[in-house]
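Notes follow once the structure below has been shown.
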Amino acid sequence: MSNYLFLVNVGNDIASSVHLSKFVPNRLSHSKPELIYKVGVYTQKFESVSWKKLDEVEFGKDNNIILDSSNYNLNIGQLAVVIPVSVDTYLEDEYLTLIEPLSRKIDLSPTSERATICFTKGDSFSSYQGEFPYQMSKIKGTFLTFDSLLKGNSENIKTMVVFVNIHSIELSEKQIFKLNMASATTKKRISSQDYVYNSAGIINVENVNDVEICFYSKDTLGIPILISYDESGYLSVEHTHPPSECFWNDNFKGQRILKREWLTRLP
Amino acid sequence: MNNLINKIVNLKDRIDASPFSIIQTKFFKSKSDVSDFFTFRLDEYETIFIAENSLALLTAETLNCHHVFHFFDENGSPCGIHKVESEDFHYKLPIDVKMTGGNKFGGFTHHVRYSEELLQKYQELLDDLVFQHRGYSGFRKDVNSGYSYVHGNFGGICLDNKQNIRSFARIRERHTFSPQFIIKPNYRYDLIFSNPVDKEMRIKFILIDGDSIQILKEARLNAYATYKLVLDRPIISNCNIAWETNLPVGRCVIFEYNNEFFDVFHS
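Those protein sequence lines, which keep their order, are chains U and A.
As numbered in my numbering, the first sequence has no gaps in its residue numbers, which increase by one up to the final residue, 267.
As numbered in my numbering, the second sequence has no gaps in its residue numbers, which increase by one up to the final residue, 267.
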């Protein structure tokens with residue numbers, strides 16, 4: 001399954017970068033070690049349904065490509081989607097349907113075709129191995145996650161949930177969707193934030209040590225990134241597992257039941 | 001004849017790419033929930049673990065869960081069992097040396113138990129589902145700071161009828177894993193590997209600097225052992241690292257340091 005990568009401007013002087021290498025992420029040791037490709041970088045403005053090319057980068061003589069959000073003048077919540085493609089692909093300046101990323105898999109080895117997605121604030125840094133699966137970009141879906149990573153934070157730490165959604169299918173208009181935060185216990189909504197396709201919805205979360213929180217959208221799927229930071233140099237970034245990971249077998253059936261139980265009770 | 005040979009080769013490739021026992025996962029239902037193999041370090045760090053109350057998450061109801069944690073020292077020997085009850089959707093476990101038999105570094109698993117009454121009540125929802133635990137480990141050095149989190153990577157560890165640890169993870173053909181990150185100048189790294197298999201595992205570490213490839217080290221890990229590779233700043237920078245193991249999914253947890261800042265992520 002091939003994947004998109006992404007840069008995002010989350011505000012608060014936090015920059016993001018994507019680090020990719022030409023080495024195949026996971027392979028049988030006797031398989032070819034390298035895959036030569038290039039990346040296209042595309043963005044879609046909030047009010048637009050068209051993808052515009054921002055950049056096109058090849059490895060050249062280097063083993064690695066590093067892309068930085070600060071080079072692309074993104075607005076807060078705006079995404080730049082990084083698309084691995086073969087070197088002979090001609091990248092148009094504009095697309096209505098986002099092109100399919102190249103698979104970096106070269107044998108049957110289980111591979112998560114990820115990149116280091118790194119966030120920096122001053123000298124502080126935090127990263128995770130991230131991706132946005134192409135298959136997810138073709139589905140509308142729904143979204144549910146929990147506040148697992150907000151546990152244990154002291155009061156001076158600020159947290160934001162960054163909800164990244166990429167929809168590669170052609171759009172005729174930009175609908176407004178809702179990203180919601182609710183009490184997991186009472187199921188009452190605490191706040192909500194508007195977002196559109198091909199952007200990042202951002203919710204700033206107050207200190208929640210005493211209450212269990214969930215985040216959800218009944219409108220689209222997406223990937224949640226939890227970013228915690230303070231002014232003394234603490235920065236932590238991680239994504240939460242999708243509900244399907246709660247199940248060893250038949251994980252999509254488990255996810256369907258879990259989402260149904262929650263989303264039918266949440267406002 | 002050629003067709004038969006192709007089928008045999010194809011079958012071998014599929015087996016080599018399968019991280020878990022094919023017989024145990026495809027033809028039998030696991031008798032217990034299944035856990036990733038997590039890392040604790042209490043040397044200069046605090047470790048907390050965010051444990052999921054799986055049935056509560058499935059049903060969207062708070063309900064009583066018996067969490068069970070099995071700890072292993074760095075050589076893979078069992079060194080402690082900790083049990084606790086909680087109704088929360090997520091339970092925060094601060095790990096201390098009393099739970100780990102005085103050990104400051106090693107691995108652990110997480111399992112859950114529910115009363116017969118609850119299992120009967122939710123029998124229809126549960127159906128044939130088996131829970132999987134991929135929880136989140138948080139690390140910090142300073143009590144006034146927040147935690148840096150990493151989620152579970154890999155494991156396939158269950159408990160048999162006598163509550164002994166069993167692993168579905170299997171040793172296969174040699175695989176090379178190349179994480180998509182760059183060893184930065186003036187940074188220091190700890191790469192922590194856990195062996196979730198009930199057999200010895202060998203790792204060969206490979207440093208890639210431009211066109212040059214150097215074998216850094218080879219290590220052997222007992223069953224359920226945890227191993228730390230230290231990459232110090234005088235040795236290397238602006239390189240890539242890869243490792244060869246007999247696991248189809250050979251991930252590790254990476255601690256990245258720069259001056260007083262550190263970050264944790266999985267490969």
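Heads up, the beta-carbon is just placed ideally off N, CA and C, and yes, glycines get one too.
Here the structure is a predicted model, which is why all the values come from computation and not from measurement.
Can you check which of these residues, the options, is closest to residue i by C-alpha distance?
i: residue 188 (chain U); options: U:113, U:173 and U:212; result: U:212
i: residue 49 (chain A); options: A:157, A:86 and A:110; result: A:110
i: residue 51 (chain U); options: U:3, U:92, U:232 and U:249; result: U:92
i: residue 15 (chain A); options: A:248, A:217 and A:87; result: A:248
i: residue 144 (chain A); options: U:232, U:46 and U:140; result: U:232
i: residue 101 (chain U); options: U:251, U:241, U:5 and U:245; result: U:5
i: residue 242 (chain A); options: U:200, U:38 and U:63; result: U:63
i: residue 135 (chain A); options: A:125, A:108, A:161 and A:222; result: A:108
i: residue 46 (chain A); options: A:245, A:142 and A:160; result: A:142
i: residue 267 (chain A); options: A:160, A:153 and A:187; result: A:153
i: residue 177 (chain A); options: U:255, U:86, U:112 and U:145; result: U:112
i: residue 53 (chain U); options: U:16, U:267, U:94 and U:79; result: U:94
i: residue 45 (chain U); options: U:23, U:77 and U:264; result: U:77
i: residue 52 (chain A); options: A:41, A:68, A:253 and A:188; result: A:68
i: residue 222 (chain A); options: A:252, A:201 and A:231; result: A:201
i: residue 192 (chain A); options: A:164, A:105, A:168 and A:2; result: A:105
i: residue 200 (chain U); options: U:74, U:214 and U:234; result: U:74
i: residue 221 (chain U); options: U:68, U:115 and U:263; result: U:263
Could you please give me the residues that DSSP links to residue i through a beta bridge?
i: residue 160 (chain U); result: U:204 and U:227
i: residue 157 (chain A); result: A:35 and A:167
i: residue 231 (chain A); result: A:189
i: residue 51 (chain U); result: U:95
i: residue 223 (chain A); result: Answer by DSSP bridge pairing: none, since residue 223 (chain A) is not bridged.
i: residue 47 (chain A); result: A:95 and A:139
i: residue 88 (chain A); result: Partner(s): none; residue 88 (chain A) has no beta bridge.
i: residue 144 (chain U); result: U:216
i: residue 46 (chain U); result: DSSP output for residue 46 (chain U) lists no bridge partner at all.
i: residue 83 (chain A); result: A:68
i: residue 247 (chain U); result: A:131
i: residue 40 (chain U); result: U:56 and U:83
i: residue 212 (chain A); result: A:209
i: residue 34 (chain U); result: U:23
i: residue 234 (chain U); result: Note: residue 234 (chain U) sits in no beta bridge, so no partner.
i: residue 174 (chain U); result: Answer is none; residue 174 (chain U) lacks a bridge partner.
Starting from residue i, follow the beta strand (DSSP E) in both directions and report where the run begins and ends.
i: residue 204 (chain A); result: 201 to 209
i: residue 189 (chain U); result: 189 to 195
i: residue 183 (chain U); result: 177 to 183
i: residue 135 (chain U); result: It is not in any beta strand (DSSP E) - residue 135 (chain U) carries neither H nor E in the DSSP assignment.
i: residue 17 (chain U); result: 15 to 21
i: residue 59 (chain A); result: That residue, residue 59 (chain A), is in no beta strand (DSSP E); its alpha helix (DSSP H) goes 54 to 59.
i: residue 176 (chain A); result: 175 to 177
i: residue 217 (chain U); result: 213 to 217
i: residue 250 (chain A); result: Where residue 250 (chain A) is concerned, there is no enclosing beta strand (DSSP E), given that its DSSP letter is neither H nor E.
i: residue 68 (chain A); result: 65 to 73
i: residue 121 (chain U); result: 115 to 121
i: residue 240 (chain U); result: Neither: residue 240 (chain U) is in no beta strand (DSSP E) and is coded neither H nor E.
i: residue 148 (chain A); result: 148 to 151
i: residue 264 (chain A); result: 261 to 266
i: residue 8 (chain U); result: 3 to 8
i: residue 245 (chain A); result: 240 to 245
Grab the span of the alpha helix (DSSP H) containing residue i for me, first residue to last.
i: residue 286 (chain U); result: Only positions 1 to 267 of chain U appear in this structure, which leaves residue 286 (chain U) out of reach.
i: residue 10 (chain A); result: 2 to 16
i: residue 26 (chain A); result: 22 to 26
Would you say the beta carbon of residue i is closer than 7 Å to some non-hydrogen atom of the ligand COA?
i: residue 40 (chain U); result: Only the bare structure without any ligand can be found here, which leaves the ligand COA out of the picture.
Inset, instruction - Can you give me, in chain order, the residues of the segment 180 to 193 of chain A that have a beta carbon less than 8 Å from any beta carbon in chain U? - result: 180, 181 and 182
Legend entry - Complete runs of the beta strand (DSSP E) confined to the segment 96 to 124 of chain A [at least 3 residues]: 105 to 113
Inset, instruction - Output, in sequence order along the chain, the residues in the segment 240 to 260 of chain A whose CB is closer than 8 Å to any CB in chain U. - result: 240, 242, 244, 248, 249, 250, 256, 258, 259 and 260
Inset, instruction - Note down, in chain order, all residues in the segment 138 to 151 of chain A with a beta-carbon under 8 Å from any beta-carbon belonging to chain U. - result: 138, 144, 145, 146, 147, 148, 149, 150 and 151
Legend entry - Residues of the segment 20 to 38 of chain A whose Cβ lies closer than 9 Å to any Cβ of chain U, in chain order: 25, 29, 30, 33 and 34
Inset, instruction - Counting only runs of 3+ residues fully inside the segment 61 to 97 of chain U, write out the beta strand (DSSP E) ranges in chain order. - result: 64 to 68 and 79 to 85
Inset, instruction - Identify each residue in the segment 38 to 66 of chain A for which the Cβ-Cβ distance to at least one residue of chain U is less than 8 Å, and report them in chain order. - result: 48, 50, 52, 54, 57, 58, 59, 60 and 62
Inset, instruction - May I ask you to list, following chain order, the residues of the segment 87 to 114 of chain A that have a beta carbon less than 7 Å from some beta carbon of chain U? - result: 88, 89, 90 and 92
Inset, instruction - Anything in the segment 9 to 20 of chain A with a Cβ closer than 7 Å to a Cβ of chain U? List those residues in chain order, please. - result: Within the segment 9 to 20 of chain A, the qualifying residues are 13, 14, 16, 17 and 19.
Inset, instruction - Identify each residue in the segment 118 to 130 of chain U for which the Cβ-Cβ distance to at least one residue of chain A is less than 9 Å, and report them in chain order. - result: 118, 123, 124, 125, 126, 127, 128 and 129
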